[in-house]
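Numbering (UniProt numbering), first residue to last: 1 to 482. Backbone N, C-alpha and C define an ideal beta-carbon position, used for all residues, glycine too. This one's a predicted model, so the numbers in the text were calculated from it and none came from an experiment.
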Amino acid sequence: MPGEGVTVFLELDGQGPRYAQLTRALKAAILDGRLGAGTRLPPTRALARDLEMSRITTLAAYEQLRAEGFIEGHVGSGSYVAAIETKPAPPPSARTIAAPSRYMRRARIVQDRTIGLRHHGLRYNLQYGNPQTHPALSDLWARELARAATYPQPGGSRAQGLLSLREQICDYLARRRGVQARPEDVLIISGTQQAFTLTARVLLDEGDAVVMEEPTYFGARQAFAAHGAKLVPIRTDAEGLVCSALPRKAPRLIYVTPSHQFPSGSVLSLQRRLDLLRYASDHRCWVMEDDYDSEFRYDSRPLAAMRSLDHSDRVIYVGTFSKVMFGSLRLAYMVVPSALRDDFVTAKYLSDFFCPTIEQAALAHFMETGGFERHLRHATKELKARRDALIEGLHRHAGDRVEIANSQAGMHMVAWLRGYDHARAEALIDYAHERGLGLHPMWPHYFKRPARPGLILGYCALSTVELGEAMQVFGRCLDAFD
């Protein structure tokens, strides 16, 4: 208000007498530049009213500041900030202190190496992993959420997840993935990334070995590396993980994507699945099966999950709803070995108590009434059309300048660039970016950069028409580099 001095936010620290708290708050505002030299302070009566304290308290604070030289009083005019040299506080920085723990020291290194998703706002972004937009599904899901909110689950949800959803998952896995699971062995989690962190907490100590495919999913690699695991890459080929290359000394954990190797797209052969399970049983180690997009197969029936062959109960199975419905639906699930069940439930409880109850109830009803599988049939048909459009566009506009890796599933495919080295490939990616096309390289998913460069081409987020147009742009980019 005019005549009452400047208004400034003051936060009392609650330590000691009120006048001392006010003195410190005003002193801090002066020293950090919020109250500059010559600024007229509010009258003690007005300040006392605003801070709901006695005028005696504000008078005592002003007298203390005046005695220390922070403010000056002018008869008939009021109190003003004295002309003293102050240095504004530096802007806050995320790295102003050393890493407070060994975990954060490793996590900072991992975060610095995170794959940059810089392709934002482009006309054609071939980003992999984004689920398709399905307006009809959005309407159906809105109704399911409204229904679930009307009938809330009493007492919230246990850490393990709603029983109704775990039962539906067991039924679904038995019919679609060949996995015979009991509800008590299913754990509802908030996305696949939480599966990695929970598994690390339950199974791994710092320095424990984790076998990973080469190439591999960077999210899993980051989680295990931040936990302090020793990562052991094992090469893959057209039949998936090369089991004959597994180390003689047993690792603690083996992470695999057998139904659709990420990112190469290969499928782990039956013989190698049996070899891997035998290795895990003989060496008493655990296998984590990431079944991230097995719902989508286009030229054959879905393969049974590797866990369906597991007679030693060594496989930790992970599935997700984010890929098949909405990226923002942070619901996934794990089927854990019976011997580890209580430990996983405890780790989940200590992590976040439970996942959102309304979403769990909505999803359980959506699955029970058949809506989920109807959506899967529609989504699979649409994704096959998009995959075919991408392949047709590559043949027409890229020709023999790329080699398309065989992939009959999922939401992305790999195209290897013929006649390119990595420097030239990165220049091509930059050139395409300037023309509105987002391309994504293969090499960040490797522990050791591969001999030839490749591209991961996601086709889920673009329509068949947009994919055709994107391949025209891609062809013109390749022309510029010929």
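When the alpha-carbon of Ala181 is set against those of Ser190, Gln168, Gly191, Ile189, the nearest one is in Gln168.
In this structure, Leu162 is the residue among Ala136, Leu173, Leu162 with its C-alpha nearest to the C-alpha of Ile188. A straight-line Cα-Cα distance of about 39 Å links Thr44 and Ile97. Apart from sequence neighbours up to five positions away, no residue of its chain approaches Asn406 with a beta-carbon distance below 6 Å.
Note on the region 15-98: whole beta strand (DSSP E) runs with a minimum of 3 residues are 71-74, 78-81, in chain order. For Ser264, same chain residues with a beta-carbon under 7 Å away, outside a window of 5 residues either side, are Pro215, Thr236, Ala405, Val414 in chain order. Closest option to Thr346, judged by alpha-carbon separation, among Gln160, Ala148, Gly219: Gln160. In this structure, the CA atom of Gly475 is about 5 Å from the CA atom of His397. By alpha-carbon distance to Ser259, the top candidate from Met306, Ser79, Leu253 is Met306.
Along the region 277-341, the beta strand (DSSP E) occurs as fully enclosed runs of 3 or more residues at 286-290, 315-320, 332-335, listed in sequence order. When the beta-carbon positions are compared, Asp290 and Val315 stay at least 7 Å from each other. Rounded to the nearest whole angstrom, the CA to CA distance from Ala223 to Ala200 is 8 Å. DSSP places Met367 inside the alpha helix (DSSP H), whose first and last residues are 357-368. When secondary structure is reduced to three states using DSSP, Gly178 falls in the coil class, being assigned neither helix nor strand. A contact is defined here as three or more CB-CB pairs under 8 Å, and the region 442-462 fails this definition with respect to the region 361-370. For the pair Pro337 and Leu12, the Cα-to-Cα distance works out to about 53 Å. Ala136 and Thr380 have their alpha carbons spaced roughly 15 Å apart.
Here Thr197 has Ala223 as same chain residues with Cβ atoms under 7 Å from its own Cβ, once five neighbours each way along the sequence are excluded. For the pair Gly16 and Arg105, the Cα-to-Cα distance works out to about 37 Å. Under a 10 Å Cβ-count criterion, Tyr124 is classified as buried, with 16 or more other Cβ atoms of the shown protein chains found around its own Cβ.
Close CB contacts of Ala461 within its chain, under the 6 Å cut and outside five residues either way in sequence, are with Asn130 (chain order).
Judged by their CB atoms, Ser79 and Tyr62 are nearer to each other than the 7 Å cut-off. Shown here, His422 sits in a helix according to DSSP, grouped into three states.
In the structure shown, Pro233 adopts extended strand secondary structure according to DSSP, grouped into three states.
Taking the CA atoms as reference points, Asp388 sits about 26 Å from Asp430. Minimum Cα-Cα distance from Val211 among the listed residues Cys285, Arg272, Thr39 corresponds to Cys285.
The C-beta separation of Ala409 from Asp293 comes to about 7 Å, placing the pair in contact by the 8 Å criterion. At the C-beta level, Arg401 and Arg418 come within 7 Å of one another. Excluding the 5 residues flanking it on each side, Thr257 has same chain C-beta neighbours closer than 6 Å at Asp290, in chain order. Going by C-alpha positions, Glu52 is about 25 Å away from Glu68.
Residue environment: Ala280 is assigned as buried (16 or more neighbouring CB atoms within 10 Å of its CB, all protein chains considered). Counting along the chain, Glu213 sits inside the beta strand (DSSP E) bounded by residues 209-214. The secondary-structure analysis by DSSP pairs Val186 across a beta bridge with Val335. The residue from Thr23, Arg55, Ala385, Arg377 with its alpha-carbon nearest to that of Phe70 is Thr23. DSSP places Gly458 in the uninterrupted beta strand (DSSP E) bounded by 454-458. Spanning the alpha carbons of Cys170 and Thr133 requires a straight line of approximately 27 Å.
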